[in-house]
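Encoded as structure tokens, the structure appears first; notes follow it.
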RNA sequence: GGGCGCGUAGCUCAGUGGUAGAGCACACCCUUCACACGGGUGGGGUCGUAGGUUCAAACCCUACCGCGCCCA
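Residue numbers (this note's numbering): 186 to 1056.
Structure follows, in structure tokens:
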């Protein structure tokens, strides 16, 4: 065993250990008979790179997975990447644009070849980065959402849903992204407030008997106006309902209709209706009897003006963008005298979440999933407790969204993705089938053309928990690992992914995909700002790993992960936990230097010495806290309990107490306790713990070691004894610091009237000398003159200082301590004097108050007496 | 407009109805043979405001103020 270097250098060990674990198959050892435990990783975008949100997500999953593996289970953490339709196609399009190429010029096949090349080249970036975090996932079976088998499963699901009436084709308004030129789902639309204007226009009655004022935030869409709506109860307009208006620009004759959508309070109370370009107007139009196919459309796929069916749009407006059309229309309105007024107004405006383009509601044929039918079982799964949502507060959001769910537009006008398995005959009939052959069988002998579109990426990722296990084949993996045990995801994909997984899982597997859904927050910067590239406040997890090590970063994220809160990441915390790793490292060194080796037992060794019996008990208590934290998924408590045990108990006290007395028993206990630390800390800090584990000769790696089973009990007496020793040392140190007594001066504790304490402390004389610079304690009847005095558990201990004493300082010190004790004593006395308390409070509370009162009274009394003696 | 969450020490956050804790920061002391990425000691909070329930409220209830997020 070579001596450990003085400072822990994460870089030197991380890569080595990761490679060792992976090549040794240790992330998923053969454990066919063991109880299965399963989690699937949210597949990152194949062309993505690691950001701090991944780091959190992955850490939380790895922590659980590593512990379950140590518990002896067949722990499977499924890993893979997502083809990420829009994101990937965008990246590749941008790249080939650099070479002056356009996908339309290349054609579908060539373009897809390029995307696959790109995927094969750059798809490894994110998976390499996951490895740097220490993610112990099942790389041997890495998946991709466009694997051939996965594609078959997706096609099967689509066809099956179509058969079950859960998927249909429909012409209606969709959210059209004019930049990517594809439909997107409601979830991909982000509404932001934009400073805009509110225009009031005047539309003349066709019979020239007057005009009606209408208000709009988008005047350019007037080119496709089909009506003006007023509220049926609005007295001002009642007489006009049914009359025709002459559109000021197109001259189109449009009716005045009654519809409750018109808000009498807003503007003039009359609104223009453009069913082809506004979701509300679409509904109004349908109520007014317009068929979707007849609704006027004035935009092409890029949202430039095109001629409406009736051919009434003036020639010079054709081809203009939405903005330019608006600019051109305003002077036209002015010259017609149709522009009444313009006011500033904040307008909620829809944007594509990826493109940033203003979304245009557009009438198109798309495929829809009737998710309302699937939502009900997903709601019930949570109500019945088949899925436990953590933190629970998210359940309400879950219900609310699922209860109000809208049809999901699943088709995308992209090339990269799962192509929709639908074929069209020339007569317009559509055949949905898993393959062209199958479609041909249905269609008979006629030419077929496959649907050009692909599916929403989330349609395929919704199948992740079972398709990755081999579904639709009934594999052994699937049987063992579905449902998964837990899913961990950010709340930002609760609807996009989690809810859809639940719906699809229940529909196709007949069972929920996971028993627990854990949702974590976002990682923000130290000021609480959302991180974004444009703000330049992103924290690069790889940079943090380079600087502080993966263990420190993981520990930080876990320690800061408290349920229901976002994480404000402060680099100082990472630094602090790097220091913690170094502290642990050095604890190993001191043990090593004193001949402590690897422990040879899983159970706690037999021990006689109080200090050893005490530390065994402390390990047990820490383990209990840790196990509870794991059960409750309280990552902050996991980190907290192990941190305080390692630093505050093991290093600060146990190691200090046993220094200089490394007998065989102590060596055995120290070795055991340190082993327990390594095991308990391993899920959070896998690298350093594995390295230290190996620093002592072992037959197997820590990653596959057993989670602690101490088979021992806390020894109350040993605990009390060590705690009083600790208390004496702490009191003596405080007294030294407050009285400015130099460390060079050895003090002799005079124990007043407590022979058994003298005995006990006598056996710890060496410890007292080392830790508090005290001589052997002696029994005394009263405190010698010029003594500093402390009270420990009701016993006064005096330290004669002779001329060195600063009487005033000592008096004020004692007075302060006495006052504090008296204050507590009096508070308790007051409570005990209240019959309402003694009669109505819980007996334990009363009992505790009594004993606390007694202790505080005694302490105050002793301190006052000590003060008396000083004169 | 509806929903969710947050407001506790200078900062970031824990906190079970029984009289407030941690880390960092700060101050003082210590280069004591594991560790200065360290050791020791200390100061610092009327728990957002106002009511209510209770013997007892940071914790439960109500209202208000401030902040954040989601949905419409």
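The beta carbon of each residue, even a glycine, is placed where N, CA and C say it ideally should be.
Query                                                                                                                                                                                  : Result
Give the secondary structure of residue 1024 by DSSP, where H, G and I count as helix, E and B as strand, and everything else as coil.                                                 : helix
Can you confirm whether the stretch 192-207 touches the stretch 637-656 when touching is taken to mean that 3 or more C-beta pairs between the two stretches lie within less than 8 Å? : no
Assign residue 938 to one of two classes, buried (16 or more other C-beta atoms within 10 Å of its C-beta) or exposed (fewer than that).                                               : exposed
Suppose the cutoff is 7 Å on Cβ atoms and the five residues either side in sequence are ignored; what does the same chain contact list for residue 841 look like?                      : 956
Just reading off the beta strand (DSSP E) that residue 935 is part of, what are its end residues?                                                                                      : 935-937
Here's a check: name, in chain order, each residue in its chain whose Cβ is nearer than 8 Å to the Cβ of residue 663, leaving out the five neighbours to either side.                  : 651, 654, 655 and 656
For residue 594, which beta-bridge partners are listed by DSSP?                                                                                                                        : 553
Using CA coordinates, which residue listed in 940, 852 and 864 is at the minimum distance from residue 782?                                                                            : 852
I'd like the span of the alpha helix (DSSP H) that includes residue 295, first residue to last.                                                                                        : 293-307
When the distance is taken between beta carbons, is residue 261 closer than 8 Å to residue 666?                                                                                        : yes
So is residue 682 buried or exposed if we call it buried at 16+ other beta carbons inside 10 Å?                                                                                        : buried
May I ask you to report which of helix, strand or coil DSSP gives residue 310?                                                                                                         : helix
By the three-class DSSP mapping on this structure, what secondary structure does residue 830 have?                                                                                     : helix
Under the DSSP definition of a beta bridge, which residues are partnered with residue 398?                                                                                             : 387
Excluding the 5 residues preceding and the 5 following residue 207 in the sequence, name in chain order all residues of the same chain whose CB lies nearer than 7 Å to its CB.        : 324
Please determine if the stretch 820-830 and the stretch 859-871 are in contact, where contact requires at least 3 C-beta pairs separated by less than 8 Å.                             : yes
Count the other CB atoms, across all protein chains shown, that sit within 10 Å of the CB of residue 507; report buried if there are 16 or more and exposed otherwise.                 : buried
Counting only the same chain and skipping the five closest in sequence on each side, list residues whose C-beta sits under 7 Å from that of residue 750.                               : 706
Could you please give me the residues that DSSP links to residue 356 through a beta bridge?                                                                                            : 550
Can you give the Cα-Cα distance for residue 950 and residue 838, rounded to whole angstroms?                                                                                           : 15 Å
Could you tell me the boundaries of the beta strand (DSSP E) in which residue 703 lies?                                                                                                : 699-705
Give a yes or no on contact between the stretch 593-609 and the stretch 335-344, applying the rule of three or more CB pairs nearer than 8 Å.                                          : yes
Beta-carbon separation of residue 610 and residue 352 under 8 Å?                                                                                                                       : no
Compare the Cα-Cα distances from residue 696 to each of 574, 563, 485 and 847 and report the closest residue.                                                                          : 563
Out of 907, 708, 779 and 703, point me to the one whose CA is closest to residue 845's CA.                                                                                             : 779
What are the start and end residues of the beta strand (DSSP E) that includes residue 483?                                                                                             : Counting along the chain, residue 483 falls outside any beta strand (DSSP E), and DSSP gives it neither H nor E.
Fully enclosed by the stretch 778-856, which alpha helix (DSSP H) runs are 4 residues long or longer?                                                                                  : 795-816 and 820-828
Decide if residue 246 is buried, meaning its Cβ has at least 16 other Cβ atoms within 10 Å, or exposed.                                                                                : buried
Could you please give me the residues that DSSP links to residue 972 through a beta bridge?                                                                                            : 985
If we ignore side chains and look at the alpha-carbon of each, how far apart do residue 186 and residue 326 end up?                                                                    : Confidence is the limiting factor: at residue 186 the pLDDT is only 48, short of 50, which leaves the residue's position unreliable and the question unanswerable from this model.
From residue 367 to residue 421, what does the alpha carbon distance come to, in whole angstroms?                                                                                      : 42 Å
On the criterion of 16 or more Cβ atoms from any shown chain inside 10 Å, does residue 963 qualify as buried, or is it exposed?                                                        : exposed
With distances taken from CA atoms, which of 348, 493 and 808 is nearest residue 898?                                                                                                  : 808
Is the stretch 721-737 in contact with the stretch 216-232, if contact means three or more CB pairs nearer than 8 Å?                                                                   : no
Look at the alpha carbon of residue 965 and the alpha carbon of residue 802, and state the distance between them as a whole number of angstroms.                                       : 34 Å
Applying the 10 Å Cβ sphere with the 16-neighbour rule, what's the burial state of residue 594?                                                                                        : buried
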